[in-house]
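One line per chain: the protein sequences are A and B, in this order.
The working numbering numbers the first residue of the first sequence as 1 and each following residue consecutively.
The working numbering numbers the first residue of the second sequence as 365 and each following residue consecutively.
Each residue gets a CB set at the ideal place from its N, CA and C atoms; glycine is no exception.
Following: one structure in C-alpha cells, then a few remarks.
2 protein chains.
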Amino acid sequence: MNTENRGLSERKKQILKAIVDAHIEGGGPVGSKYILQNQQLSCSSATIRNEMAELEEMGYLEQPHASAGRVPSELGYRFYVDSLIERYAMTTNEIAQINNLLKAKMGELDQILLAASNLASNLTNYTGIAIKPRVQSVSITKFETIYLEPDHYILVAVTSTGAVKSRHIHGDYPVTQATVTRLATALNDHLTGLSADQITLPIIMKTEAQMGIDAQTVGTVIKVIYELLSELDAGEMRVSGIDRLLQYPEYSDVSQLQELLGTLEKKEDILNLVSRTETNDINVVIGSESEVKVMNNSALVFKPIVKDGKTVGAIGILGPRRMDYAKVLATLEGLSGNIADLIHGNNQWNGGLPDGGNQSNGNA
Amino acid sequence: MNTENRGLSERKKQILKAIVDAHIEGGGPVGSKYILQNQQLSCSSATIRNEMAELEEMGYLEQPHASAGRVPSELGYRFYVDSLIERYAMTTNEIAQINNLLKAKMGELDQILLAASNLASNLTNYTGIAIKPRVQSVSITKFETIYLEPDHYILVAVTSTGAVKSRHIHGDYPVTQATVTRLATALNDHLTGLSADQITLPIIMKTEAQMGIDAQTVGTVIKVIYELLSELDAGEMRVSGIDRLLQYPEYSDVSQLQELLGTLEKKEDILNLVSRTETNDINVVIGSESEVKVMNNSALVFKPIVKDGKTVGAIGILGPRRMDYAKVLATLEGLSGNIADLIHGNNQWNGGLPDGGNQSNGNA
DNA sequence: GATTAGCACTCAAAGCAAATGAGTGCTAAA
DNA sequence: TTTAGCACTCATTTGCTTTGAGTGCTAATC
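In C-alpha cells, the structure reads:
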C-alpha cells in the first residue's frame, strides 16, 4: 500500500498538495496557471508544468486528455492522505452537535452507530454508513423463557456480544409455565457458549435426553436457536444520505451511479471489506485499491468501533474519490471517540454493554 | 378521488387505455398514428386526433409541447387504474418464487416485510418499501428481567403488538437476583397495559411506593420503559432497490432524483401517508394526489398488512408515474396474501404473533 | 353529423461547423 | 535550472440548419 515515495522534493510535494486540494474543491482538472496564482511559489508556470510532467511520469497525476490540466491519480490521493493532509480541527459547534445528538440516542449500539453515521453524513456532506461486521462465531450466554399462553411462549437469548434476541414459539403441544421454566434451565445448562457450527447432532441428542422434556418441543427450540445464531453471524449495514452523492458531478453519469447504488444495496462487498479489516485505525480505501467493484472514482473511509478488544461495529463515509479527507478523517475520529465513551458507559442508566438488544433486519 | 368520468365513449376509453399502455411501455409521448397501428380501430388517425383533442380538453391527456404526442395526465392515470386496467395474472414461476423466499424468511414480521418488499422490488423492477406504520399507542403486556451481574441486568418487554424489546440496564447501585425478580413482578402489576402517554407522575410515584425497591432503581427502569414505548410508537421504513429507479429515464434528471431520494431518506412523509391510511385495500397514490412533495412524476402503491383487525405493516412499490400498475397490483396482492398466511401461522415452529421481537433501528 | 384525406405548421432533437480558450510541450535564451 | 514565448491540442460552447414526428384545420366524403 505504500510505495517508496519519499523521493519527492519539497516543491513537488507542495505542487501535488495544491493540485489535490484544488481538485477536491473544484472537481475539475487543475492547470499550472491556477496553481501559480493560488500558491506562493517562486517560480513560473513553466516550471510548474515541468514539475507536473514529472509527477505524472511518477504516477501521481493523470491527464484526462492532452490539453487539459492534471488530476490526482489514485496513487496521488494515497500519498496525499498518508503524508500531505492537513489536520482539520473540528469547530466547537460541530463538537457540540456530536455530543448532543449522540447522547440523545444513547440506547443500543445499533442506534448509536446509526445516529453516528447519520451525523457523519450531515457534517461532511457525503454518504454515511453504519456497519455491524460479520463475526466469526457468536454464542449464547444466557437463555430465558417467557410463558404467555398454553401453546405460546417466547425464547429470549443473550449473546456473547451482549445483544438480546427473541423469538415467539408456538408449539403444537401445549406447554405449561413449569415446562417453559425448566426448558430455560436446561438450555442454560447445555447450550450456552456454543456457536452455530458447534451445535451438532450428538449435542442435540444428549440435550434432548437429559432434559426430560418431550422431544418435539426441544427439537423446535433448538432449531430456533440455530437460526438465531446464524442470523447473528450475518452482519448488517445501513446507509444514510445517499441523496448527498448526487450533488457531486462525478455521479451524474447515471450508469456509474446505478452501479454504485447497486453495491450499496447488495451490502455484501462493503460488509466483507470491513469485516476482514484487522486494524482498528481509520481506514481509507481509495478506488480500485479494494476488491469492491465500482468504487473506481469513489473512496470509503471507515473507523472500527472497539469494545473490550473486539470490533463491535464501524462507521464510515462514502464519497467521491476527491473527498475532503481532512474533514472526513477528523469527523470520524471525533465521532468514534464519543461512541467509545458512550459504550464504555459513564452514564447513569445505560451504557454498559454494547447492543441493548435488537439487531434483526439483516440483509435479506 | 373519483370524478364523474363515466361519460367517456367506448372509443375514448379504448384510445385512453392505448395511450396509457403505450406510455407505460415506452415512456415517451404517444401519437395518433402509433395508436392506429397497434390497435384495431375502424377509424383513421385524424379521428383519433380529434378524440385525443377532446380527451385533452377533458383533462385526461396532456401535451408536452405543440408538436408532440399526448401523455396521460394524473387524472388519466387515475381513471386507468380505477377503470381500465387489465388484471395481470402472476405466472406460476412468480408464485413459486414468492412462496419459497417468503417461507424461508419466516421469522419476525420485520423480516417478512423486508423480504417481501425486496421480492416485490425484484418482481416488478421498481423500488420496494417495507413499512411499519406509526401506531397511536402501544402498551406493554408483559415484563421480564434477566439478571447478569450485580450491577447489570436486562429488562425485556413484550408489547401489545407482540414485539419483544429489551434494554441493558447498568445500575449505579448493586442489585441482586432477587431484587430483579421482584422488579419484574412489580412492573407486571403496575405498568402493563399503559401507553407512553399514560405513564404519568402519579402512577410513577404510586409504583415506587408500592414496590419496596429503592427509588433510584425504579426511576431508572421507568425511564427506560418510557423510552421503549416512545420508540415503539415511532414507525419504521426500509427501502430496497433504489438503484432500479435509475433505469427509468424520468429519473435521469439529477435534481429530481435527488429530491426523491431525499424524501425516501427522510421517511417522514411516506410514513405519515401510510400511517394515516385507513383502508386495508391496495392504495395507489399518483403524483401530487398526495401531500408528499416531489412525488410529482412518481407513484406509490402500497398494501397494508392486517393482523387481528390491526394494521401491523405495509409493503409498497415506488416507481415512475407510468409504472406497470397491472403487474404491481397483482404482485402486492399476491405477496400480501402470502404474508397473511404466514402471520396467521400455520407453520410448525413459529408463526403466531407478528414481530418476534426486534424492531430497533428506527429512523434517526 | 361524423369521418377522413390532405396540407401547412410547429418544434424538439439531431447534426454540423466554426469559434473559443484553457492548458500543454517544446525550444531557445537567461 | 529556470523562464519566456509560441505553436499545438482538444473539450466545450455556440449558432445554425436539417429532420421528422405529430398536430390542427379545412374541405371533401360518407
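Cutoff 7 Å; reference residue i; Cβ partners in own chain excluding five residues on either side
i              : result
G423 (chain B) : S437, L439
P393 (chain B) : P428, A432, G433, R434, V435
K397 (chain B) : S409
L101 (chain A) : A115, L119
S275 (chain A) : P133, R134, G235
Neighbourhood of residue i by C-beta, 6 Å cutoff - its chain only, sequence neighbours within 5 removed
i              : result
I399 (chain B) : A382, I412
R531 (chain B) : L519, V588
N727 (chain B) : With a pLDDT of 31 at N727 (chain B), under the threshold of 50, the modelled position of this residue cannot be trusted; read the value that follows with caution. Cβ neighbours of N727 (chain B) beyond the five flanking positions: K631.
N347 (chain A) : In this predicted model, N347 (chain A) has a pLDDT of only 38, less than 50, meaning its place in the structure is not dependable enough to derive any value.
M454 (chain B) : A694, G698
S501 (chain B) : S559
Straight-line Cα distance separating residue j from residue i
i              : j              : result
N414 (chain B) : A432 (chain B) : 15 Å
V384 (chain B) : L329 (chain A) : 51 Å
L264 (chain A) : G212 (chain A) : 49 Å
T488 (chain B) : P684 (chain B) : 12 Å
V301 (chain A) : E144 (chain A) : 40 Å
K377 (chain B) : Q247 (chain A) : 43 Å
T571 (chain B) : Y511 (chain B) : 21 Å
A221 (chain A) : T141 (chain A) : The identity of residue 221 (chain A) in the sequence shown is Val, whereas the question assumes Ala. Their Cα atoms are separated by approximately 16 Å.
S9 (chain A)   : M323 (chain A) : 25 Å
V499 (chain B) : V676 (chain B) : 9 Å
Q40 (chain A)  : D82 (chain A)  : 23 Å
A678 (chain B) : Y126 (chain A) : 30 Å
Q723 (chain B) : S503 (chain B) : Because Q723 (chain B) carries a pLDDT of 32, less than 50, the predicted location of this residue cannot be relied on, and the following value inherits that uncertainty. Distance between the alpha carbons of Q723 (chain B) and S503 (chain B) is about 15 Å.
A234 (chain A) : Y226 (chain A) : 13 Å
V284 (chain A) : A521 (chain B) : 41 Å
R11 (chain A)  : S255 (chain A) : 39 Å
I85 (chain A)  : V239 (chain A) : 27 Å
L555 (chain B) : D578 (chain B) : 17 Å
G371 (chain B) : L419 (chain B) : 11 Å
N702 (chain B) : I462 (chain B) : 8 Å
V528 (chain B) : N402 (chain B) : 56 Å
G27 (chain A)  : A130 (chain A) : 27 Å
G716 (chain B) : I199 (chain A) : Residue placement at G716 (chain B) is poorly supported in this model, since its pLDDT is 30, which falls under 50; the coordinates still yield a value, given next. Distance between the alpha carbons of G716 (chain B) and I199 (chain A) is about 26 Å.
G128 (chain A) : D607 (chain B) : 17 Å
Residues of its chain near residue i, where Cβ-Cβ distance is below 8 Å and the 5 sequence neighbours each way are ignored
i              : result
T581 (chain B) : G535, Y537, V539, T543, L547
Y80 (chain A)  : L16, K17, V20, P72, Y325
H387 (chain B) : P393, V394, V435, P436, R686
S652 (chain B) : E438, M659, N660
A53 (chain A)  : none
Q541 (chain B) : Y511
L169 (chain A) : The residue asked about is misnamed: residue 169 (chain A) is Ile in this sequence, not Leu. Once the five neighbours on either side are set aside, the close Cβ partners of I169 (chain A) are H152, Y153, I154, L155, T220, V221, V224.
M365 (chain B) : Note that M365 (chain B) scores 39 on pLDDT, short of 50, meaning its location in the model is unreliable and no value can be drawn from it.
Opposing strand residues paired with residue i [DSSP bridges]
i              : result
I317 (chain A) : A:G128, A:V301
K671 (chain B) : B:K674
I370 (chain A) : Missing from the structure shown is residue 370 (chain A); chain A here goes from 1 to 364 and no further.
E268 (chain A) : The partner list for E268 (chain A) (beta bridge, DSSP) is empty, contrary to what the question assumes.
R238 (chain A) : A:A130
V740 (chain B) : In the structure as shown, chain B starts at 365 and stops at 728, and residue 740 (chain B) therefore has no counterpart that could be examined.
S559 (chain B) : B:S503
| field | Ranges of the alpha helix (DSSP H) found wholly within the region 468-552 of chain B, counting only runs of at least 4 | value | 473-488, all fully within the region 468-552 of chain B.
| task | May I ask you to verify whether the region 685-705 of chain B touches the region 455-467 of chain B, counting CB pairs closer than 8 Å and requiring at least 3? | result | Yes, they touch.
| task | Answer yes if the region 622-629 of chain B comes into contact with the region 669-677 of chain B, meaning at least three C-beta pairs across the two stretches below 8 Å, and no otherwise. | result | Result no; under three Cβ-Cβ pairs closer than 8 Å.
| query | Are the region 645-662 of chain B and the region 513-521 of chain B touching, with three or more C-beta to C-beta distances below 8 Å? | reply | Verdict: no, contact absent.
| query | Residue ranges of each alpha helix (DSSP H) run of no fewer than 4 residues wholly in the region 38-102 of chain A, ordered along the chain? | reply | Whole alpha helix (DSSP H) segments, 4+ residues: 45-58, 74-79.
| said: Assess contact between the region 263-275 of chain A and the region 638-650 of chain B, defined as three or more Cβ pairs (one per stretch) separated by less than 8 Å. Is contact present? | reply: Contact check between the region 263-275 of chain A and the region 638-650 of chain B: fewer than three CB pairs, one atom from each, fall below 8 Å, which does not count as touching.
| request: Check whether the region 184-193 of chain A touches the region 545-561 of chain B, counting contact only when three or more Cβ pairs, one atom from each stretch, lie closer than 8 Å. | output: Touching, no, given that fewer than three Cβ pairs across the two stretches are closer than 8 Å.
| said: Does the contact criterion of 3 or more C-beta pairs under 8 Å hold for the region 558-576 of chain B versus the region 607-617 of chain B? | reply: The region 558-576 of chain B is not in contact with the region 607-617 of chain B.
| In chain order, which continuous runs of the beta strand (DSSP E) of length 3 or greater are located wholly inside the region 560-600 of chain B? | If we require 3 residues or more, the region 560-600 of chain B turns out to have no beta strand (DSSP E) run fully inside it.
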